[in-house]
Amino acid sequence: MQSINLHLNDFLRIGDLIEHANYHADELGDDWFSFFQKHYGEDSQEHIQNHHKKEHQKLPKHDHICSTSIAAFVLTKKVNISLKVDPSPSVNTIFFYQDLYSSIRSVDIFQPPKFA
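Right, dumping it as structure tokens:
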């Protein structure tokens, strides 16, 4: 859809397109192919200039919106970028498990039941 530049407004104009195509079929005897040829093909410029120009502005893709964006930049000087990365300092970590619960074993309440 983006490559042919369709917008939501074009979809809303589909009813006008069908109505105008029916007009061409009834009044001029045009089929769909000749209708599209007159409005979107090689004959479009001549047809739009000479026939019911006001109705053509309601058709999809006849809104004359042109949006172009160009982004360009030119480097005039050679740019040297050097990044200094310091190696991360090695940290000697000492990890050990501290037994904080060994004192619980000495209390009788946490011992298994004893048979007398």
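Residue numbers (our numbering): 9 to 124. By construction, the Cβ of each residue, glycine as well, lies at the ideal position given by its N, Cα and C atoms. All values derive from a computational prediction rather than experimental measurement.
Item: Opening and closing residue of the alpha helix (DSSP H) in which G23 lies; Value: I22 to Y31
Item: CA-to-CA distance, A80 to N100, given in whole angstroms; Value: 51 Å
Item: Contact belief for A29 with F43 at Cβ below 8 Å, rounded distance in angstroms; Value: 5 Å
Item: L91 (DSSP reduced to helix, strand or coil); Value: coil
Item: Pairwise C-alpha distance: L83 and L91; Value: 20 Å
Item: For D39 and K46, believed in contact at Cβ under 8 Å, the rounded distance; Value: Not a contact, Cβ separation roughly 11 Å.
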